[in-house]
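Q: Pasting a structure below so you can have a look.
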Amino acid sequence: MNIKVIGLAAILGLSAPAITDIVLNPQSAVAMPTDFVRPTGAFTDSSQEWVVKLNLDQFGIYTYSGQNIKQGSDLTLKNPEMSGNNQSYTYTFKNNNYKYIITYQPSDKKHIRLTVVNPQGSTILNKLMAKV
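Residues -20 to -1, 1 to 112, numbered by mature numbering (1 follows the signal peptide of the UniProt record, and there is no 0), are exactly what the sequence shown covers, in order.
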């Protein structure tokens, strides 16, 4: 018997339960909720000191990349906590007890608000950012 045929049969046999699960339960294949509107693209504040890039990849991974242009520092975070409704969405990315909160109103697709909260709960940055 052909070894390629045996290998293919083994792979298909092992993957059948996963395929069945996805067919019968389509939500199990989605990495993030589909009812949340996620802003994507690059945003900057009025002084152009801060740049935030938001990306949603083909696997549903939502990524925050923030950069302070003056200091040259940058930070990339993934998989935020999400909350909100069809009028306003909040995405909270966490890094060492700091919270990077993106607030987005779908009625204003050109802006987001970036709020950074330190571990003590104080807001240390609050910027309205425009899409570039």
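A virtual CB, placed ideally from N, CA and C, is assigned to each residue, including glycine.
So the candidates are S68, P60, Q47; which of them puts its Cα closest to the Cα of K79?
A: The shortest Cα separation from K79 among S68, P60, Q47 belongs to P60.
Q: Indicate whether the contact test is met: 3 or more Cβ pairs, each with one atom in the region 51 to 59 and one in the region 82 to 93, closer than 8 Å.
A: No contact exists between the region 51 to 59 and the region 82 to 93.
Q: Under the rule that 16 or more other beta-carbon atoms within 10 Å means buried, what is I92, buried or exposed?
A: Classification of I92: buried, given that the 10 Å Cβ count is 16 or more.
Q: Between which residues of its own chain and T72 is the CB-CB distance below 7 Å, once the five residues before and five after are set aside?
A: Closer than 7 Å at Cβ, skipping near neighbours: P60, E61, K79, I81.
Q: Roughly how many angstroms separate the alpha carbons of S27 and L34, rounded to a whole number?
A: Between S27 and L34, the C-alpha separation is close to 19 Å.
Q: Starting from the C-beta of M109, find all residues in its chain whose C-beta is less than 8 Å away, skip the five residues before and the five after it, and write them out in chain order.
A: If we look at M109 and ignore the five residues flanking it on each side, its Cβ neighbours are F23, T24, D25, W30, V32, H91, I92, R93, L94.
Q: The beta strand (DSSP E) with K33 in it runs from where to where?
A: 30 to 36 is the span of the beta strand (DSSP E), which, as asked, contains K33.
Q: On the premise that Y69 lies in contact with K58, defined as a C-beta separation below 8 Å, what is that separation, rounded to the nearest angstrom?
A: 17 Å between Cβ atoms; not a contact.
Q: Give the DSSP-derived three-state secondary structure of L108 in the structure shown.
A: Three-state result, L108: strand.
Q: What did DSSP end up calling K79 once you bin it into helix, strand or coil?
A: If DSSP states are grouped into helix, strand and coil, K79 belongs with the strands.
Q: For D54, report the span of its beta strand (DSSP E) as first-last.
A: D54 -> beta strand (DSSP E) spans 53 to 58.
Q: I'd like to know whether the C-beta atoms of P86 and V17 end up nearer to each other than 8 Å.
A: Cβ distance < 8 Å, so P86 and V17 count as in contact.
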